[in-house]
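Novice: Using my numbering, the first residue of the sequence shown is number 1001, and each one after it goes up by one. Yeah, the Cβ is synthetic: ideal placement off N, Cα and C, and Gly gets one too. Right, I'll just put the structure down here and ask away after.
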Amino acid sequence: MKLRLSLITLFILAGFAASGQTVTLDYYFNHEVHKGANGQSERFHYLWDEADNNGFKIFGEAFTSRGAKLDTLGTAPTLENLKGSSVYIIVDPDTKKESPNPNYIQEDDIEQIAAWVKKGGVLLMMANDSVNVELPHFNNLAAKFGMHFNNDLQNHVIDDAHFEDGAVYVKNNPVLKTATKVFMKDACSIGLTGTAVPVLKNKEGATIVASAKYGKGTVIAVGDPWLYNEYVNGRLPAGYENDKAVNDVANWLLKQAKK
1001 MKLRLSLITL
1011 FILAGFAASG
1021 QTVTLDYYFN
1031 HEVHKGANGQ
1041 SERFHYLWDE
1051 ADNNGFKIFG
1061 EAFTSRGAKL
1071 DTLGTAPTLE
1081 NLKGSSVYII
1091 VDPDTKKESP
1101 NPNYIQEDDI
1111 EQIAAWVKKG
1121 GVLLMMANDS
1131 VNVELPHFNN
1141 LAAKFGMHFN
1151 NDLQNHVIDD
1161 AHFEDGAVYV
1171 KNNPVLKTAT
1181 KVFMKDACSI
1191 GLTGTAVPVL
1201 KNKEGATIVA
1211 SAKYGKGTVI
1221 AVGDPWLYNE
1231 YVNGRLPAGY
1241 ENDKAVNDVA
1251 NWLLKQAKK
């Protein structure tokens, strides 16, 4: 009887631990604005509550459906303001084309993020093709973990008639456990040094997803912000499984955070 009660207690505590995880999305290095319907300036692009094609609403739901909470960070990251986060996501840092006064990733930011990862944090870095992302400062952060976003263009897709150019076939993947064919277009490849390893390569053999262990934590880098609503909401042709991939990635990130 005591053993049964102990097991029940462990399961309950495990449930609390899962529901207590917080996934924090950066709103500081990526802070794009445009004029809204009322003519006023407003945030857009890669937001948790953004339901149109530009948003991360479906990605967010993949986390909340697993008991995690969503948060945002609109200031520079520090050990203090990241300490309640299990996962921290930086996507597509701004260029001057996207923001008149972009917040570039500085050396102090890198040291603070690295210290948080070293303690057990899970960092997801999502880049873009070099025309649409501020790579030099982002790469200073990536270099801390043995990774480098290359100034190239992988999986270039001209239009909807050429979807296959963005196809990536998946087999026995440590992150994408259920998706077997995904779509990622106009990504940059990732160079690796040290202990960083490839997670996913395209048909040409270029690494487009990579990961590294750092202290007690984990870092994963992707050459594109590919899990935004446009490519996980069912509009892709039959056979593409980005809808499965978004759940695979969320599940993997939360599991790394538990470790």
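#1: Please say whether Ala1245 and Leu1176 have beta carbons closer to each other than 8 angstroms?
#2: Starting from Phe1029, trace the beta strand (DSSP E) in both directions and tell me its first and last residue.
#3: Taking the alpha helix (DSSP H) that Lys1255 falls in, what are its first and last residues?
#4: Where do the N-terminal and C-terminal ends of the alpha helix (DSSP H) with His1137 fall, by residue?
#5: Look up Tyr1231 in the DSSP assignment and say whether it is helix, strand or coil.
#6: Quick one: is Lys1177 near chain C, going by C-beta distance under 8 angstroms?
#7: Leaving out five residues before and five after Lys1181 in sequence, what residues of the same chain have Cβ atoms less than 8 angstroms from its Cβ?
#8: Which two residues bound the contiguous beta strand (DSSP E) that contains Asp1159?
#9: So which of Gly1217, Ala1221, Leu1153, Gly1039 has the shortest CA-CA distance to Glu1204?
#10: CB-CB under 6 angstroms to Val1157, same chain, minus the five flanking residues each way: which ones, in chain order?
#11: Inspect the CB distances between the stretch 1128-1138 and the stretch 1097-1107 and report whether three or more fall short of 8 angstroms.
#12: Roughly how many whole angstroms lie between the Cα atoms of Ala1018 and Leu1236?
#13: Do you know offhand how far Gly1234's Cα is from Asp1243's?
#14: Among Gly1121, Met1147, Gly1194, which residue has its Cα nearest to the Cα of Thr1218?
#15: May I ask you to verify whether the stretch 1112-1120 touches the stretch 1042-1052, counting CB pairs closer than 8 angstroms and requiring at least 3?
#16: With H, G and I counted as helix, E and B as strand and the rest as coil, what does DSSP make of Gly1191?
#17: Taking the beta carbon of Ser1085 as the centre, do at least 16 other beta carbons fall within 10 Å, making it buried, or is it exposed?
#18: Based on Cα-Cα distance, which residue from Lys1119, Gly1060, Val1091 lies nearest to Glu1080?
#19: Classify Asn1030 as buried or exposed, calling it buried when 16 or more other Cβ atoms lie within 10 Å of its own Cβ.
#20: If you scan the stretch 1070-1105 from start to end, which runs of the alpha helix (DSSP H) of 4 or more residues do you find wholly inside it?
#21: What three-state label does DSSP hand Gly1166 in the structure shown?
#22: Can you look up Glu1050 in the DSSP assignment and give me helix, strand or coil?
#23: By DSSP's criteria, Phe1183 is part of a beta bridge. Which residues make up the other side?
#24: Using a Cβ-Cβ cutoff of less than 7 angstroms, which residues in the same chain neighbour Tyr1027 once the five nearest sequence positions on both sides are dropped?
#25: Quick one: what's got a C-beta closer than 7 angstroms to Thr1195's C-beta in the same chain, skipping five residues either side?
#26: May I ask you to report which of helix, strand or coil DSSP gives Gly1020?
Specialist: Working from what's here:
#1: In this structure, Ala1245 lies closer than 8 angstroms to Leu1176 by Cβ.
#2: Phe1029 -> no beta strand (DSSP E), and no H or E assigned at all.
#3: 1242-1258
#4: 1135-1143
#5: Looking at Tyr1231 - three-state DSSP - the assignment turns out to be helix.
#6: Structure shown: chain C not included; a single protein chain is present.
#7: Ala1167, Val1168, Tyr1169, Val1170, Gly1239, Tyr1240, Glu1241
#8: First-last for Asp1159: undefined, no H or E at that position.
#9: Answer by Cα proximity: Leu1153.
#10: Asp1165, Gly1166, Lys1185.
#11: yes
#12: The predicted model places Ala1018 with a pLDDT of 49, which falls under 50 and marks its position as unreliable; any figure quoted below should be read in that light. Their Cα atoms are separated by approximately 32 angstroms.
#13: Going from the Cα of Gly1234 to the Cα of Asp1243 covers about 7 angstroms.
#14: Gly1121
#15: No: the two stretches stay apart, fewer than three of their Cβ pairs being nearer than 8 angstroms.
#16: Looking at Gly1191 - three-state DSSP - the assignment turns out to be strand.
#17: buried
#18: Lys1119
#19: Buried, because 16 or more other Cβ atoms sit within 10 Å of the Cβ of Asn1030.
#20: 1079-1082
#21: helix
#22: coil
#23: Ala1167
#24: If the five residues before and after Tyr1027 are omitted, its C-beta is found closer than 7 angstroms to the C-beta atoms of Thr1072, Leu1073, Gly1074, all from its own chain and listed in chain order.
#25: The residues are Gly1146, Ala1212, Lys1213.
#26: coil
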